[in-house]
Each structure stands twice: as C-alpha cells, then as structure tokens.
Amino acid sequence: MTDLVITRIFDAPRHLVYRAFTDPDQLAAWFGPVGWSVPRDTVELDVRPGGKQVFTMVNDDDPAMSSPVNATFVEVVENELLVGEEDVSHIPDFGADKLRLTIEFHDEEGGRTRLVVTQSPFPTEMADGAREGWGSSFTKLDKILS
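Position in the sequence shown (first residue = 1) + 2 = my numbering.
Right under this line is the structure:
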C-alpha cells in the first residue's frame, strides 16, 4: 500500500478549479479518463462535512461497464481543501476498507492553481493506472477551464 500523490498545475484561478470539483454540471463534464463519462443524472454533491459525493463513471464504448463512486466529505474548506472517504471494501484486491481522497488547491503565480490529489491507502500495483486515469481526466478539465 502507498499514498498516491498527483500534482497538477491548471491555468485557472483556484476558485474556478475548486468549482470544477464541487459543481455537479462541471464535474459531469470532465470527470473520468478519456473513454469514460459521468452522466449528469448520476451526480449528487452535498459539499459539506458529512455530505455525500455520489456519481457513476460509465464506459463510452460499453455502457454496461461502470464504476460507481459513493463517498462522504469529512473536511471542506472552500477554495482550499476537499477531503472525502469512500468504502472500497467491495473492490476485489483493493486491500483496504476505506479510501481517503484529499484534494488541495494552492495559488500559483500568474493566476494559476496547483492541485495536489492524495489517495490513501492505495494499492501499489494499481497506482500507475490511477495516475494515468487522473492525468486523462485532468486533460479534459484543462479544456473546461480554458
């Protein structure tokens, strides 16, 4: 198990990057790697401690393939921090019952934002695929933010 840490600089101010994670319409427009979509009608966000983050990623080529997300926000600081926990005990070979996702939003020079995503604990053997998935998602997010 490891901490999966991904850092990305976005050419947009922090409040806009934060909104892309907390506005249901925007989340549905970019989340998921290329080849996957999040139908807007699956997205439910209640962005506060104890609130839910629920959505389903669906494979574009085979809609029978899907990946549901059902997490609870445990810490929220507007435009700065989102922390959520998800029960992952149903995922074969994951090796943990809960996955904690921490998303930090930092100001960078020139009105840009440094995003730091940490998922923990994370199975080492799944880390490369997760990095690729986040990177692919962030390519879609770049287009939304531009």
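By construction, the Cβ of each residue, glycine as well, lies at the ideal position given by its N, Cα and C atoms.
Discussion item. If distances are taken between C-alpha atoms only, which option among T141, R50 and T9 comes closest to V78?
Written reply: R50
Item to complete: Say whether the stretch 27-41 touches the stretch 58-68, bearing in mind that this needs 3 or more beta-carbon pairs closer than 8 Å, one atom from each stretch.
Response: yes
Discussion item. Tell me the rounded alpha-carbon separation between M128 and L101.
Written reply: 13 Å
Worksheet item: Span of the alpha helix (DSSP H) holding F124?
Response: Element bounds for F124: not the alpha helix (DSSP H) but the beta strand (DSSP E), R114 to F124.
Discussion item. Here's a check: name, in chain order, each residue in its chain whose Cβ is nearer than 6 Å to the Cβ of T9, leaving out the five neighbours to either side.
Written reply: V118
Worksheet item: Alpha carbon to alpha carbon, what distance is there between L47 and D25?
Response: 8 Å
Worksheet item: By Cβ distance, which residues of its chain are closer than 8 Å to E110, with the 5 residues on each side in sequence left out?
Response: Apart from sequence neighbours up to five positions away, the residues of its chain that approach E110 with a beta-carbon distance below 8 Å are I11 and R116, ordered along the chain.
Item to complete: Measure the beta-carbon distance from T104 to V85 and round it to whole angstroms, keeping in mind my assumption that it falls under 8 Å.
Response: 5 Å
Item to complete: Please confirm whether N72 and D89 have their CB atoms less than 9 Å apart.
Response: Their beta carbons are under 9 Å apart, which means N72 touches D89 by this criterion.
Worksheet item: Rounded to the nearest angstrom, how far is the Cβ of D5 from that of T120, given a contact under 8 Å?
Response: With 8 Å as the limit, D5 and T120 qualify as a contact, their Cβ atoms being about 6 Å apart.
Worksheet item: DSSP on G52, reduced to helix/strand/coil?
Response: coil
Discussion item. Would G34 and K142 qualify as a contact pair, given that the criterion is a beta-carbon distance under 9 Å?
Written reply: yes
Discussion item. What ranges does the beta strand (DSSP E) occupy inside the stretch 64-120, keeping only unbroken runs of at least 3 residues that lie completely in it?
Written reply: 68-79, 83-89 and 100-110
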